[in-house]
Amino acid sequence: NIYLNDISKLNETEIYCLFYPQTINDIEYLISKAESQGRTISVRGQAHTMGGQTLPLRKSHQTNYVFDLKYMNHVEYDKYTKDVFVEAGATWTHVNHKLNLYGRSPVVMQSYCTFSVVGTISVNAHGITSDDAMVESVISIEYIPMKF
Numbered sequence: 010n011i012y013l014n015d016i017s018k019l020n021e022t023e024i025y026c027l028f029y030p031q032t033i034n035d036i037e038y039l040i041s042k043a044e045s046q047g048r049t050i051s052v053r054g055q056a057h058t059m060g061g062q063t064l065p066l067r068k069s070h071q072t073n074y075v076f077d078l079k080y081m082n083h084v085e086y087d088k089y090t091k092d093v094f095v096e097a098g099a100t101w102t103h104v105n106h107k108l109n110l111y112g113r114s115p116v117v118m119q120s121y122c123t124f125s126v127v128g129t130i131s132v133n134a135h136g137i138t139s140d141d142a143m144v145e146s147v148i149s150i151e152y153i154p155m156k157f
């Protein structure tokens, strides 16, 4: 049996299978596999939630796939447009390391660098500045549509 928890250690949940995709192709393949087998999918970045938000419903543990995206952590910086592109598992630490190479830093970020950027946005977290909202720094979000 496979059990996962979040950072609170209060939400231990049994799951069917845990995957660590590293590319978009991996995710597309796993979604196709889940669809063909009638399985549900839960996704997590760094597993720092405290209320079980990235864990499946306990009643669906026999059918749930969990995608842990921590290895999808690539960060790119375009020095001409000053845009930053992050994969779903990239943390604020990854972003800061990349931007430091160019003498730059995020305008808005979370208070701890260990959170994933996408997780920060998905839970509507606030930044550590009063100047801008987190969402104001997002230009676009790419996602993979699912059919089920």
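Using our numbering, read the sequence shown as starting at 10 and increasing by one per residue.
Glycine included, each C-beta is placed from N, C-alpha and C at the ideal position.
In the DSSP assignment, find the alpha helix (DSSP H) that holds Ile50 and state where it starts and stops.
Here residue 50 corresponds to residue number 41 of the sequence shown, with the count starting at 1. Note, Ile50: premise wrong, no alpha helix (DSSP H); beta strand (DSSP E) at 49-53.
Put Ser17 into one of helix, strand or coil per three-state DSSP.
Along the sequence shown, read from residue 1 onward, the residue named residue 17 stands at position 8. Ser17: coil per DSSP, three-state reduction.
CA-to-CA distance, Glu21 to Glu151, given in whole angstroms:
On the sequence shown, position 142 is the one that residue 151 refers to. On the sequence shown, position 12 is the one that residue 21 refers to. Rounded to whole angstroms, Glu151 and Glu21 show a C-alpha spacing of 30 Å.
DSSP three-state call for Thr129: helix, strand or coil?
As a first step, residue 129 is located in the sequence shown; it is residue number 120 there, counting from the start. Thr129: helix per DSSP, three-state reduction.
Whose CA, out of Asn14, Tyr74, Val126, Ile153, lies closest to the CA of Gly60?
Here residue 60 corresponds to residue number 51 of the sequence shown, with the count starting at 1. Residue Asn14 is the option with its Cα nearest to Gly60.
Would you check if the distance between the CB atom of Asn104 and the CB atom of Val84 is smaller than 8 Å?
Position 95 of the sequence shown, counting from 1, holds the residue named residue 104. Position 75 of the sequence shown, counting from 1, holds the residue named residue 84. Inspection of the sequence shows that residue 104 is occupied by Val rather than by Asn. Yes; because the gap between Cβ atoms is below 8 Å, this pair is in contact.
Host alpha helix (DSSP H) of Asn10 (start-end):
Within the sequence shown, the letter at position 1 stands for residue 10. No alpha helix (DSSP H) holds Asn10; DSSP gives it neither H nor E.
Spatially closest choice to Glu145 from Tyr121, Asp92, Lys79, Thr100, by CA coordinates
Numbered from 1 along the sequence shown, position 136 holds the residue referred to as residue 145. Of all alpha-carbon atoms in Tyr121, Asp92, Lys79, Thr100, the one lying nearest the alpha-carbon of Glu145 is that of Asp92.
Between the C-alpha atoms of Ile36 and Gly98, what's the straight-line distance to the nearest angstrom?
Residue 36 sits at position 27 when you count from the first residue of the sequence shown. Residue 98 sits at position 89 when you count from the first residue of the sequence shown. Approximately 13 Å, taken between the alpha carbons.
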